[in-house]
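Chains as they are written, first to last, in the numbering used here: chain A, 1315 to 1539; chain B, 1315 to 1539. A virtual CB, placed ideally from N, CA and C, is assigned to each residue, including glycine.
Protein chains: 2
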Amino acid sequence: MEHTVTAFENELTELTDGVIALGVLAQSQLDDALSSIFQGDAKLAQRAIKRDPALDTLAIDIERKSVRMIALRQPMADDLRRPIAAMKIAMNLERCGDLAKNVAKRTLKIGPAGAVSFAAPVERMGRLVAARLGAVLNAYGARNVTQAVDVWTQDAEIDEHYEQLFAGLLARMAEDPESITACTHLLFIAKNLERIGDHATNIAELIHYEITGVELVEDRPKFDA
Amino acid sequence: MEHTVTAFENELTELTDGVIALGVLAQSQLDDALSSIFQGDAKLAQRAIKRDPALDTLAIDIERKSVRMIALRQPMADDLRRPIAAMKIAMNLERCGDLAKNVAKRTLKIGPAGAVSFAAPVERMGRLVAARLGAVLNAYGARNVTQAVDVWTQDAEIDEHYEQLFAGLLARMAEDPESITACTHLLFIAKNLERIGDHATNIAELIHYEITGVELVEDRPKFDA
């Protein structure tokens, strides 16, 4: 059976490489979307939007390969968890790409000037989220459970940023009704970034389960204002 | 092989029944959340929130059964699409439940009086979304492609409601800065409802693919204000 085991390992490596490639695409898309907010650069926003179909295609490819592996190789226990994790991590990354696309679209709606004048704290939150996404992809590539748990634990910090930003944007709207439309788009941008952070946390949970076979417990530290 | 085919069919029926049970739970959760907005009833909102763990558990159960079927029965082509569709529809329904939970949580934040005074058009949109979710579950139970395509086509109507509501809430905030916090929660509630509508549309696409083997094309009619 050594031949079969090796073929299985080769297919797993191909699958893992695909997931990492998808993660890199999602990161680039988020990076363009964030830079478009801060620099008010419509071209970067357009580029982030145009990247999205490539992510969708890659995610579908990973899903099909995972299902085929499960059907044809009939892996059990530890081996079964790996294609399932790949498939589910791919879904989470594809959703990160969608959310980054929505951030870019809203940046275009606000317009360059509006984006620049309000957006510094939003961008800071975005950079924090991008760092978490990078860290969890590293943890996946290295099969490092400790790194994955770190990302999971740190999600509370993103929530804290989000809650502060939310309160700040509401206060701004009350002071200056002219800013309501732009601030509302920024509220949704902040929400989308928080959700990308949630996906990074989901991915951390999937890595933990893939490697250890044990679910991370539900009572993750949560910031609640 | 007749014995095996029958066992496969029995497992499929069990899986489909599980998906429908999950859909019914998601509908009840949405219904409680919507009634809590309109009646300003905190108890209904709490009930919607408390329903969520049951949905999560059922979705995980469906996923495990689907994966086991794929691994042990090695279905091909049409037969392979059925457990995959069940698994993915379950994920979409579980997300609908999360979104309904978030609607309920925001209703509690606005408070009963605030919810009632602003919420009639939000509730109307919610009832439309709930009807779509019901229709797509019927289509799944009946394996009716035409019904599924109807839901898919009608998503533009939900988008139209959402865009109008969004514009209306922004105008209200500008007129009455005191209302900004409540209106912001209502904006997110409307967004969550629109996303439940998107999940109903995704489920319609999954039903179409499961039964026909063909993807619904991307250029769904979209309302854009």
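query: Segments assigned alpha helix (DSSP H), at least 4 residues, entirely inside the segment 1384–1434 of chain A; result: 1391–1424, 1426–1432
query: From A:LEU1500, A:PRO1491, A:ASN1458, residue whose alpha carbon lies closest to that of A:ALA1518; result: A:ASN1458
query: Helix, strand or coil at A:ARG1382 [DSSP, three-state]; result: helix
query: Assumed close pair B:ILE1398, B:LEU1442 - CB separation to whole angstroms, cut-off 8 Å; result: Going by Cβ atoms, the distance from B:ILE1398 to B:LEU1442 rounds to 29 Å, so no, they are not a contact pair.
query: Beta carbon of B:ARG1378 nearer than 8 Å to that of B:GLY1527; result: no
query: Chain B residues whose Cβ lies nearer than 8 Å to that of A:LEU1394; result: VAL1381, ALA1385
query: Cβ neighbours of B:ASN1416 in the same chain (closer than 6 Å, five flanking residues each side left out); result: ASN1506
query: Per-residue DSSP class, three states only, for A:GLU1529; result: coil
query: Contact check, B:VAL1436 vs B:VAL1450, beta carbons under 8 Å; result: no
query: Rounded straight-line distance, which links the Cα of B:HIS1522 to that of B:ASP1512; result: 15 Å
query: Other residues of its chain near B:SER1380: CB distance less than 6 Å, five sequence neighbours each side excluded; result: PRO1397, ALA1400, MET1401
query: Nearest neighbour of A:ALA1270, chosen from A:ALA1356, A:GLN1343, A:THR1467, A:ASN1516 [CA to CA]; result: As displayed, chain A neither begins before 1315 nor continues past 1539, which places residue 1270 of chain A out of reach and without an answer.
query: Same chain, Cβ closer than 7 Å to B:ARG1420, neighbours up to 5 away in sequence not counted; result: HIS1499, PHE1502, ILE1503
query: Residue from B:ALA1385, B:ILE1403, B:ASP1469 whose Cα sits closest to the Cα of B:LEU1520; result: B:ILE1403
query: CB contact below 8 Å: A:GLN1468 versus chain B; result: no
query: Test: B:THR1371 CB closer than 8 Å to a CB of chain A; result: no
query: For B:ALA1433 and B:ALA1485, the rounded distance between their alpha carbons; result: 15 Å
query: Proximal residues, the segment 1465–1490 of chain B versus chain A, C-beta separation under 7 Å; result: LEU1484, MET1487, ALA1488
query: Where the alpha helix (DSSP H) through B:GLN1461 begins and ends; result: 1459–1467
query: Residues near B:LEU1326 by beta carbon distance below 6 Å, same chain, minus five either side; result: ARG1396
query: Between the CA atoms of A:LEU1386 and A:ALA1347 - distance to the nearest angstrom; result: 40 Å
query: Spatially closest choice to B:GLN1468 from B:ALA1418, B:ALA1488, B:ARG1446, by CA coordinates; result: B:ARG1446
query: Helix, strand or coil at A:GLY1448 [DSSP, three-state]; result: helix
query: Interface partners of A:GLN1388 on chain B, CB under 8 Å; result: ALA1385, LEU1386, GLN1388
query: Collapsed DSSP secondary structure at B:ASP1490 in the structure displayed; result: coil
query: Residues of its chain near B:ILE1376, where Cβ-Cβ distance is below 7 Å and the 5 sequence neighbours each way are ignored; result: LEU1329, GLY1332, VAL1333, LEU1336, ALA1400, MET1401, ALA1404
query: Reference A:ASP1392, options A:ILE1494, A:PHE1322, A:ARG1509, A:ASP1490, closest by Cα; result: A:PHE1322
query: Assigned secondary structure, B:GLY1354 (DSSP; H/G/I helix, E/B strand, else coil); result: coil
query: Chain A contact residues for B:THR1495, given Cβ-Cβ distances below 8 Å; result: LEU1484
query: Interface partners of A:LEU1447 on chain B, CB under 7 Å; result: Simply none; closest approach about 20 Å.
query: Proximal residues of chain B, C-beta to C-beta of A:GLN1498 below 7 Å; result: With the sequence shown as reference, residue 1498 of chain A is identified as Thr, and Gln is not the correct amino acid for it. Neighbours of A:THR1498 on chain B, chain order: LEU1484, LEU1501.
query: Member of B:ASN1324, B:THR1320, B:VAL1338 whose CA lies at the smallest distance from the CA of B:ASN1452; result: B:VAL1338
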